[in-house]
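J.: Submitted below is the structure of interest, expressed as structure tokens.
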Amino acid sequence: MFLAIKEIIHSKLRYGLVIGLVFLIAYLVFFLTGLAYGLALDNRTAVDKWDADYILLAEESNSNLSMSMVPRKKLEEVEGNEKALLAQTPGVVTQEGNEDGEKITVSFFGINKDEFIMPEVIEGKAFESDAQAVADISLKDEYQVDIGDKIKLSGNKKIFEIVGFTEDAKFNVSPVLYISIPAYQEVRFEKTDLSENARLSGVVVKGEVGSFPDDMENISISSFINNLPGYKAQVLTFGFMIGF
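Here the working numbering is used: the first residue of the sequence shown is 888, the next is one more, and so on.
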């Protein structure tokens, strides 16, 4: 022990470099771990908020929520302990009156506000009409969008008033805007369809799933998350980098 201390004192520069290298490696691992964790959460937090067990999508959608199109009448045939209709589509919005401002990539979730996937509103109130939306709080923190502000959908005349904020609601790294199902149809198809053939994305189920149509696929939430575009590859890449 005495000889080791004497050696360190004698070769301060050499051991200083070793300590510095160990510190830099530890910092790099810490940085990559934080980055991997943050990006992973930004892909899935809106799904985690459901606290659900299964999601049922069109069988031909390849487990991709955006690609799933199912008539409402088939979604209502799904039997489960507790279920909620879901319609999702990506979009790009700008603040009304600031057309030259920053474009914001978002994910629209069309839902029924009385079903369990409606998130807790931490500021403001829930949407009450097809012209209102509840947004992830990151729109306020990062883009200075506040309650009462209006946002315009790019390539569409549809305008939404932000009436509330929720937290931890991101999907595929984009903040989520919760809107009514008729409003979703205006965003996706530029018209409202209240018929039994109205196309939605799927059904989210809490608890066990009973019977469901043959052309639909029952997917566990964990499998659904792992199949989000780019999610699994991202997690594996960062895991390899950190492990190496």
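Just so you know, even glycine gets a beta-carbon here, dropped at the ideal spot from N, CA and C. Just so it is clear, the structure is predicted and the values come from calculations on it, not from any experiment.
Taking buried to mean at least 16 other C-beta atoms within 10 Å of its own C-beta, is ASP1101 buried or exposed?
T.: Position 214 of the sequence shown, counted from the first residue, corresponds to residue 1101. Exposed, by the Cβ-count rule.
J.: Could you give the C-beta distance for SER1061 and VAL980, rounded to a whole number, given that I count them as a contact under 8 Å?
T.: Against the sequence shown, residue 1061 aligns to sequence position 174. Against the sequence shown, residue 980 aligns to sequence position 93. Not confirmed; about 11 Å, so no contact.
J.: Should the segment 1006–1020 be called in touch with the segment 1064–1082, which here means at least 3 C-beta pairs below 8 Å?
T.: yes
J.: When the Cα of LYS1039 is compared with those of SER1025, ALA1013, GLU1010, ALA1070, which residue comes out closest?
T.: Numbered from its first residue, the sequence shown carries residue 1039 at position 152. Distances from the CA of LYS1039 to each of SER1025, ALA1013, GLU1010, ALA1070 were compared; the closest alpha carbon is that of ALA1070.
J.: On the three-state DSSP scale, how would you describe SER1098?
T.: Counting from one through the sequence shown, the residue named residue 1098 turns up at place 211. Note: SER1098 maps to coil in three-state DSSP.
J.: Taking the beta strand (DSSP E) that PRO1006 belongs to, which residues open and close that run?
T.: Start at 1 with the first residue of the sequence shown, and residue 1006 comes out as number 119. PRO1006 -> no beta strand (DSSP E), and no H or E assigned at all.
J.: How big is the Cα-Cα spacing for ILE1046 and LYS990?
T.: Locating residue 1046 in the sequence shown gives position 159, counting from the first residue. Locating residue 990 in the sequence shown gives position 103, counting from the first residue. Distance between the alpha carbons of ILE1046 and LYS990: 14 Å.
J.: Looking at C-alpha atoms only, which residue of PHE1111, ILE1106, LEU1115, VAL1096 is the closest neighbour of GLU969?
T.: Locating residue 969 in the sequence shown gives position 82, where the first residue counts as 1. The option with the nearest alpha carbon to GLU969 is VAL1096.
J.: Starting from LEU1026, trace the alpha helix (DSSP H) both ways and give me its first and last residue.
T.: The residue you call residue 1026 lines up with position 139 of the sequence shown. 1025–1030 is the span of the alpha helix (DSSP H), which, as asked, contains LEU1026.
J.: Could you name each continuous alpha helix (DSSP H) segment of 4 residues or more that falls completely within the segment 1061–1097, going from the start of the chain to the end?
T.: 1068–1076
J.: Cβ of THR976 within 8 Å of Cβ of PHE1003?
T.: On the sequence shown, residue 976 is found 89 positions in, with the first residue counted as 1. On the sequence shown, residue 1003 is found 116 positions in, with the first residue counted as 1. Result no, Cβ atoms of THR976 and PHE1003 do not sit closer than 8 Å.
J.: Can you tell me whether GLY903 is buried or exposed? The criterion is at least 16 other CB atoms within 10 Å of its CB, across all chains shown.
T.: What you label residue 903 is simply residue 16 of the sequence shown in a count that begins at 1. Answer is exposed; the Cβ neighbour count stays below 16.
J.: DSSP three-state call for VAL909: helix, strand or coil?
T.: Within the sequence shown, the letter at position 22 stands for residue 909. In the structure shown, VAL909 sits in a helix (DSSP, three-state: H, G or I).
J.: ALA945 and MET1103 - do their beta-carbons sit closer together than 8 Å?
T.: Along the sequence shown, read from residue 1 onward, the residue named residue 1103 stands at position 216. Along the sequence shown, read from residue 1 onward, the residue named residue 945 stands at position 58. Their beta carbons are under 8 Å apart, which means MET1103 touches ALA945 by this criterion.
J.: Determine the burial state of LYS1057: buried for a count of at least 16 other Cβ atoms within 10 Å of its Cβ, exposed for fewer.
T.: Residue 1057 sits at position 170 when you count from the first residue of the sequence shown. Buried: at least 16 other Cβ atoms inside 10 Å.
J.: Start and end of the alpha helix (DSSP H) containing LEU962?
T.: Here residue 962 refers to the residue found at position 75 of the sequence shown. First-last of the alpha helix (DSSP H) with LEU962: 959–962.
J.: Going by the DSSP bridge assignment, what does GLU1048 pair with across the sheet?
T.: Taking the sequence shown and counting its residues from 1, one reaches residue 1048 at position 161. GLU1048 is bridged to GLN1019, LYS1037.
J.: Looking at ILE912: is its Cβ nearer than 8 Å to the Cβ of PHE1111?
T.: For the purposes of this step, residue 912 is identified with residue 25 of the sequence shown, where counting begins at 1. For the purposes of this step, residue 1111 is identified with residue 224 of the sequence shown, where counting begins at 1. Not in contact: ILE912 and PHE1111 (Cβ atoms no closer than 8 Å).
J.: Give me, in chain order, the residues of the same chain whose beta-carbon lies closer than 7 Å to that of SER948; leave out the 5 immediate sequence neighbours on both sides.
T.: Residue 948 sits at position 61 when you count from the first residue of the sequence shown. Excluding positions up to five away in sequence, the list reads MET954, SER955.
J.: Please look up how many angstroms separate the CB atoms of LEU1087 and ALA974, rounded, as I've assumed it's under 8 Å.
T.: Within the sequence shown, the letter at position 200 stands for residue 1087. Within the sequence shown, the letter at position 87 stands for residue 974. 4 Å between Cβ atoms; contact.
J.: For a test of the three-state rule: what should DSSP assign to PHE995, helix, strand or coil?
T.: Here residue 995 corresponds to residue number 108 of the sequence shown, with the count starting at 1. Of the three classes helix, strand and coil, the one that applies to PHE995 here is strand, per DSSP.
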